[in-house]
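K.L.:
This structure is in structure tokens; I'll ask about it shortly.
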Amino acid sequence: MADLKIRKDMLALLVCCALLIVGAVGMEWLKAEKEKKPIAIVTTFKDDPKTSRAFTWHTQNGQAAAIVQIVEGENAADWESAKVMTFTGTTEALDSEANVVQAAHKAEATGLEPGTTYTYRVGSGKEKEWSDKATFKTEAAQEEAFTFINVTDSQGITEQDFELWGNTMDQAFATFPDSAFIVHNGDLTEEPADEQAWTHLFAKASKWVTRIPFMPVTGNHDEVDGEAGHFVSHFNLPVNGEEDSIEGTNYSFDYANVHFVFLNTESNIKKQTKWLRSDLENSSQPWTVVAVHQGPYGGNTNKKVKDWTELFDEFKVDLVLQGHNHEYSRSYPIRDGKVVGDGESAVNNREGTVYVVTNASGQKFNEKKEDQFYHKVHFQNEKQMFAGITVDGTTLTYQAYDVDGLMLDEFVLQHGLELKHKVG
Ligand SMILES: [Fe+2]
């Protein structure tokens with residue numbers, strides 16, 4: 001009897017061991033398969049938005065090729081078609097704190113048709129290593145009214161933190177469904193070396209950032225002590241910034257009749273001032289929007305970028321998007337350090353530059369700082385926020401909402417379409 005019990009126990013033990021081994025092998029296989037799949041897929045502008053589109057994704061394979069395949073049409077499925085265009089990009093292996101090889105892959109599709117919808121997928125080129133397909137549309141050939149979304153400081157650590165960011169993006173696109181792109185004013189994650197956080201950031205907004213260009217500003221949580229490797233590894237951006245700035249932290253691009261300038265407040269400020277002058281001199285767009293992280297007229301002031309404000313004045317920049325303060329603020333129109341309008345009626349003929357901070361899009365809110373002379377609107381509602389900014393010919397309309405869809409601020413800028421904004 002005892003013998004039988006021992007035999008039964010032995011058998012049960014063997015079955016348990018066998019199941020554990022099969023389970024472990026299965027998990028390893030699944031993990032290995034998963035590691036080949038692209039994660040953190042995001043699309044950006046790099047060259048002309050009318051004829052090109054850039055892509056970035058990560059895997060855990062520093063040897064994998066970086067390939068994007070594009071085919072015209074929405075939700076196209078025939079990857080064997082002769083019409084499929086294939087572009088090969090670059091792969092860069094990264095050091096990660098968790099001692100896991102993380103590889104950044106970047107590629108760009110060029111020679112596209114304006115105003116055209118394409119379906120794409122990214123991967124190594126091997127059959128099981130492609131991403132899901134997604135669709136994007138190039139900018140129309142003719143200038144037209146468009147809206148873009150502004151958010152800032154998603155700055156999460158945990159998956160739950162990034163749920164809040166994902167909700168903000170969902171509400172932003174529910175409110176402005178035809179938005180052409182997203183401007184994020186920096187501090188995307190709390191700790192830039194934490195790749196898990198980056199994975200959550202892109203995953204929770206994947207239905208937007210895989211289709212709609214996501215243009216980031218560099219924040220003090222993106223570049224730390226002059227190091228921004230993880231941040232820049234996630235974005236394939238225009239290469240036209242100041243040459244001593246970390247590539248991908250300072251750049252500009254045009255969309256419709258607006259010139260967008262992205263400055264890096266975290267390093268190389270002096271040389272960027274010179275770059276900014278020549279960038280603005282070379283622009284012939286009637287509208288100019290600047291995006292920075294630690295702004296000169298936010299919840300508080302960043303005096304280190306005073307030289308930039310002098311250029312904003314000289315070149316009559318229309319709007320400066322800022323981040324960093326984790327509270328909502330909107331300035332009166334400002335010129336030469338002074339308030340030049342009532343903040344109620346439209347800002348006409350470039351009489352002043354308006355500076356905004358659209359609170360935060362993640363979990364972190366700061367206590368509202370003291371009101372300053374330049375604050376027209378300044379509050380802390382402890383809700384994630386976003387803005388929709390519409391440029392329609394001679395009118396720019398800015399509307400800020402909370403994550404529940406409540407509009408909390410709005411203003412209008414108006415001027416003619418003179419080719420040079422350095423006027424009057
Ligand atoms: Fe921040």
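One point on numbering: in the working numbering, the residue at position 94 of the sequence shown is 94, and numbering is uninterrupted.
Beta carbons: idealized from backbone N, C-alpha and C, even for Gly.
Give the C-beta separation of ALA197 and GLY156 to the nearest angstrom, bearing in mind that I take them to be a contact with Cβ-Cβ under 8 Å.
P.N.:
Along the sequence shown, read from residue 1 onward, the residue named residue 197 stands at position 197. Along the sequence shown, read from residue 1 onward, the residue named residue 156 stands at position 156. Yes, ALA197 and GLY156 are in contact; Cβ-Cβ is about 6 Å, under 8 Å.
K.L.:
Measuring from the CB of GLN155, is there a heavy atom of ligand 1 at a distance below 7 Å?
P.N.:
For this step, residue 155 is matched to residue 155 along the sequence shown. Yes.
K.L.:
Give every residue of the same chain whose Cβ lies closer than 8 Å to the Cβ of GLU108, excluding the five residues on either side of it in the sequence, and list them in chain order.
P.N.:
If you number the sequence shown from 1, residue 108 lands on position 108. Cβ neighbours of GLU108 beyond the five flanking positions: LYS46, ASP47, SER52, ARG53, ALA54, PHE55, VAL68, PHE87, GLY89 and ASN236.
K.L.:
Is ASP187 near ligand 1 - that is, is its Cβ less than 7 Å away from at least one heavy atom of it?
P.N.:
By one-based count along the sequence shown, residue 187 stands at place 187. Yes; taking the cut-off as 7 Å, the Cβ of ASP187 has a heavy atom of ligand 1 nearer than that.
K.L.:
For THR43 and THR168, which I take to be in contact (beta-carbon distance under 8 Å), what is that distance rounded to the nearest angstrom?
P.N.:
As a working mapping, residue 43 is identified with position 43 in the sequence shown. As a working mapping, residue 168 is identified with position 168 in the sequence shown. With 8 Å as the limit, THR43 and THR168 do not qualify as a contact, their Cβ atoms being about 19 Å apart.
K.L.:
According to DSSP, what are the bridge partners of MET85?
P.N.:
Mapped onto the sequence shown, residue 85 falls at position 85. DSSP, once it has assigned bridges, lists ILE70 as partnering MET85.
K.L.:
Taking just the CA atoms, how far does GLN414 sit from GLY424?
P.N.:
For the purposes of this step, residue 424 is taken as the residue at position 424 of the sequence shown. For the purposes of this step, residue 414 is taken as the residue at position 414 of the sequence shown. With a pLDDT of 46 at GLY424, under the threshold of 50, the predicted position of this residue should be treated as unreliable, though the coordinate-derived value follows. Each residue's Cα considered, the two are about 15 Å apart.
K.L.:
Counting along the chain, where does the alpha helix (DSSP H) carrying LEU319 start and finish?
P.N.:
What you label residue 319 is simply residue 319 of the sequence shown in a count that begins at 1. Looking at the DSSP string, LEU319 is not in any alpha helix (DSSP H); the run it does join, the beta strand (DSSP E), is 319-322.
K.L.:
Which residues in the same chain have their Cβ closer than 6 Å to the Cβ of ILE70, if we skip the five residues on either side of it in sequence?
P.N.:
Position 70 of the sequence shown, counting from 1, holds the residue named residue 70. The answer, listed in chain order, is MET85, ALA109, TYR118 and TYR120.
K.L.:
With distances taken from CA atoms, which of VAL224, SER179, LYS8 and THR91 is nearest VAL122?
P.N.:
Indexing the sequence shown from 1 puts residue 122 at position 122. For VAL122, the nearest C-alpha among the options comes from THR91.
K.L.:
Rounded to whole angstroms, what is the Cα-Cα separation between TRP208 and ILE149?
P.N.:
Residue mapping note: residue 208 aligns to position 208 of the sequence shown, counting from 1. Residue mapping note: residue 149 aligns to position 149 of the sequence shown, counting from 1. One C-alpha to the other measures close to 11 Å.
K.L.:
Regarding HIS326 and ligand 3, is the C-beta to nearest heavy atom distance less than 7 Å?
P.N.:
Ligand 3 is not part of this structure, which contains only ligand 1.
K.L.:
So if DSSP puts LYS106 in a beta bridge, which residue, or which two residues, is it bridged to?
P.N.:
Here residue 106 corresponds to residue number 106 of the sequence shown, with the count starting at 1. For LYS106, which the question treats as bridged, DSSP gives the partners THR56 and THR90.
K.L.:
Where do the ends of the alpha helix (DSSP H) carrying THR273 lie?
P.N.:
Mapped onto the sequence shown, residue 273 falls at position 273. It spans 269-281 - the alpha helix (DSSP H) in which THR273 sits, taken as one unbroken run.
K.L.:
Can you check which of these residues, THR158, GLU247 and GLY226, is closest to ALA203 by C-alpha distance?
P.N.:
Counting from one through the sequence shown, the residue named residue 203 turns up at place 203. Of THR158, GLU247 and GLY226, the residue nearest in Cα terms is THR158.
K.L.:
Distance check for ALA66 and ASP78, CA to CA, integer angstroms please.
P.N.:
Mapped onto the sequence shown, residue 78 falls at position 78. Mapped onto the sequence shown, residue 66 falls at position 66. Cα to Cα, ASP78 sits roughly 20 Å from ALA66.
K.L.:
In the DSSP assignment, what residue or residues form a beta bridge with GLU410?
P.N.:
In the sequence shown, counting from the first residue as 1, residue 410 sits at position 410. Answer is GLN399.
K.L.:
Taking 7 Å as the cut-off, is the CB of HIS221 close to at least one heavy atom of ligand 1?
P.N.:
By 1-based counting over the sequence shown, the position of residue 221 is 221. At least one heavy atom of ligand 1 is nearer than 7 Å to the Cβ of HIS221, so yes.
K.L.:
Taking the alpha-carbon of VAL412 as reference, which of LEU14, VAL356, LYS304 and SER361 has the nearest alpha-carbon?
P.N.:
Here the question's residue 412 lines up with position 412 in the sequence shown. Nearest of LEU14, VAL356, LYS304 and SER361 to VAL412, Cα basis: VAL356.
K.L.:
For LYS338, tell me which candidate among VAL305, LEU11, GLN372 and ILE41 has the shortest Cα-Cα distance.
P.N.:
Taking the sequence shown and counting its residues from 1, one reaches residue 338 at position 338. Residue GLN372 is the option with its Cα nearest to LYS338.
K.L.:
Output the boundary residues of the alpha helix (DSSP H) element that contains HIS455.
P.N.:
Since the first residue shown for the chain is 1 and the last is 424, residue 455 is missing from the structure and cannot be characterised.
K.L.:
Grouping DSSP H, G and I as helix and E and B as strand, with all else coil, what is ASN150?
P.N.:
By one-based count along the sequence shown, residue 150 stands at place 150. Note: ASN150 maps to strand in three-state DSSP.
K.L.:
Between which two residues does the alpha helix (DSSP H) holding ALA174 run?
P.N.:
Here residue 174 is taken as the residue at index 174 of the sequence shown, counted from 1. Here the alpha helix (DSSP H) through ALA174 covers 159-175.
K.L.:
Between the Cα of GLU310 and those of SER233, LEU276 and GLN102, spot the shortest distance and give me the residue it belongs to.
P.N.:
Walking along the sequence shown from the start, residue 310 turns up at place 310. Looking at the Cα atoms, LEU276 is the closest of the given residues.
K.L.:
Per the contact definition of three or more C-beta pairs closer than 8 Å, is the segment 341-358 in contact with the segment 129-147?
P.N.:
No: fewer than three Cβ pairs fall under 8 Å.
K.L.:
Within 10 angstroms of the Cβ of ASP318, are there 16 or more other Cβ atoms? Answer buried if so, exposed if not.
P.N.:
Along the sequence shown, one-based indexing puts residue 318 at 318. Buried is the call here.
K.L.:
Using only the alpha-carbon positions, how far apart do PRO216 and LEU19 sit?
P.N.:
Within the sequence shown, residue 216 is the residue found at index 216, counting from 1. Within the sequence shown, residue 19 is the residue found at index 19, counting from 1. Straight-line Cα distance between these residues: approximately 47 Å.
K.L.:
Nearest CA to the CA of GLN60: which residue from ASN75, LYS36 and ALA400?
P.N.:
Numbered from its first residue, the sequence shown carries residue 60 at position 60. For GLN60, the nearest C-alpha among the options comes from LYS36.
K.L.:
Measure the Cβ-Cβ separation of TYR374 and SER331 and say whether it is below 8 Å.
P.N.:
Residue 374 sits at position 374 when you count from the first residue of the sequence shown. Residue 331 sits at position 331 when you count from the first residue of the sequence shown. A contact, by the Cβ cut-off of 8 Å.
K.L.:
Between SER179 and GLY388, which are expected to be in contact by the criterion C-beta below 8 Å, what is the C-beta distance as a whole number of angstroms?
P.N.:
Numbered from its first residue, the sequence shown carries residue 179 at position 179. Numbered from its first residue, the sequence shown carries residue 388 at position 388. Between GLY388 and SER179 the Cβ distance is about 7 Å, and since that is below 8 Å, they are a contact.
K.L.:
The alpha helix (DSSP H) that contains LYS207, what's its start and end?
P.N.:
The residue you call residue 207 lines up with position 207 of the sequence shown. 206-209 is the span of the alpha helix (DSSP H), which, as asked, contains LYS207.
K.L.:
Please state whether the Cβ-Cβ distance between SER124 and ALA40 is less than 8 Å.
P.N.:
Position 124 of the sequence shown, counted from the start, is the residue given in the question as residue 124. Position 40 of the sequence shown, counted from the start, is the residue given in the question as residue 40. No; because the gap between Cβ atoms is not below 8 Å, this pair is not in contact.
K.L.:
Anyone know if the C-beta pair for GLY352 and GLY341 falls short of 8 Å?
P.N.:
As a first step, residue 352 must be located in the sequence shown, where it is residue number 352. As a first step, residue 341 must be located in the sequence shown, where it is residue number 341. Against a cut-off of 8 Å, the Cβ pair of GLY341 and GLY352 comes out as a contact.
K.L.:
How is the alpha helix (DSSP H) around THR309 delimited, first residue to last?
P.N.:
In the sequence shown, residue 309 corresponds to position 309, counting from 1. Its alpha helix (DSSP H) spans residues 306-314.
K.L.:
Indicate whether ALA141 and PRO114 have their beta-carbon atoms separated by less than 8 Å.
P.N.:
Your numbering for residue 141 matches position 141 in the sequence shown. Your numbering for residue 114 matches position 114 in the sequence shown. Going by C-beta atoms, ALA141 is nearer than 8 Å to PRO114.
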